[in-house]
Amino acid sequence: MLEGTLDERFDAALTHFREAMDTARGVGMTEPDPETGEQWDLVHILAHVSEMLEYWLAEVLHVLASESEEPFGRLKRSPERIARIEQRATLTVEELRSEINLRAEATSDLCRLLRPEQLRKKGIHPKFGAMTVEEIVTEFGVDHLHEHAGQLELL
1 MLEGTLDERF DAALTHFREA MDTARGVGMT EPDPETGEQW DLVHILAHVS
51 EMLEYWLAEV LHVLASESEE PFGRLKRSPE RIARIEQRAT LTVEELRSEI
101 NLRAEATSDL CRLLRPEQLR KKGIHPKFGA MTVEEIVTEF GVDHLHEHAG
151 QLELL
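Following the working numbering, the numbering of the sequence shown begins with 1 at its first residue and continues without gaps.
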C-alpha cells in the first residue's frame, strides 16, 4: 500500500520536482529513453512536464465524467505528445516554470477534492489497460514527476 493520501503523494512529488528544477544546472542532455530514444535538455524536460500536467489533468476529468470505463490516454510515441512538447519548448524557462506551477496546483487541488468512489473510477489505457483515477494520477503524475526530477538532478 502506498503511504499517504493521493494529494500528499502528489505534493511530495511536486516538491521533489521543484527542488530539482531550482538546482538544475541545465547543462547537457538526458540519457536516451529506452523506449523512444528521446534525449532532452532542460527546456524539453520542462516543456514535457508542463504539457503532461495539463494533458493528464484533462484525462482524469474525462474519466471522472464518463458513464462507463472509457478509453483514455496516449503512448510515448503519440504524435500529439511529441507536437505538444515541441510547441511548449518554444517558451522560456520562466514561462515553463509558471505553467508547471499553475497546472500542478490545479492537479493538487483536484487530488484534495476527490472522494473515495471517484478515486476508484476506471478508464482503459492503451498500454496499461483498466486503471483507477488514483492509479492514473500516481502513474502519470506522482511517479512521472519523480522520474523527471531525477533527470533534472543529473543535468
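For glycine and all other residues, C-beta sits at the position ideal for the given N, C-alpha and C.
Check: Reference Gly123; option with closest CA among Glu67, Ile85, Ala20; Outcome: Glu67
Check: Delimiting residues of the beta strand (DSSP E) encompassing Met131; Outcome: 129-132
Check: Helix, strand or coil at Glu71 according to DSSP, with G and I counted as helix; Outcome: Note that residue 71 is Pro in the sequence shown, not Glu. Here Pro71 sits in strand by DSSP.
Check: First and last residue of the uninterrupted alpha helix (DSSP H) at Gly4; Outcome: Taken as a continuous stretch (DSSP letters only), Gly4 belongs to no alpha helix (DSSP H), as it is neither H nor E.
Check: Within 7 Å, strictly: CB atoms of Met21 and Leu152; Outcome: yes
Check: Exposed unless 16 or more other CB atoms sit within 10 angstroms - verdict on Ala72; Outcome: In the sequence under discussion, the amino acid at residue 72 is Phe, which differs from the Ala named in the question. Buried, since its Cβ has 16 or more Cβ neighbours within 10 Å.
Check: Cβ contact check for the segment 39-59 and the segment 79-94: 3 or more pairs under 8 Å; Outcome: yes
Check: Pair within 7 Å by beta-carbon distance, Val142 and Val63; Outcome: no
Check: Thr5 versus Glu95: straight-line alpha-carbon distance, rounded; Outcome: 30 Å
Check: Beta-carbon proximity check, Arg103 vs Glu54, cutoff 7 Å; Outcome: yes
Check: Whole-angstrom C-beta distance between Glu135 and Lys76, which should lie under 8 Å; Outcome: Wrong, their Cβ atoms sit about 18 Å apart, outside the cutoff.
Check: For Gly141, the three-state DSSP class (helix, strand or coil); Outcome: helix
Check: Other residues of its chain near Arg84: CB distance less than 6 Å, five sequence neighbours each side excluded; Outcome: Glu51
Check: Inter-residue spacing [alpha-carbon to alpha-carbon] between Thr107 and Glu70; Outcome: 21 Å
Check: Start and end residues, alpha helix (DSSP H) containing Ala47; Outcome: 42-65
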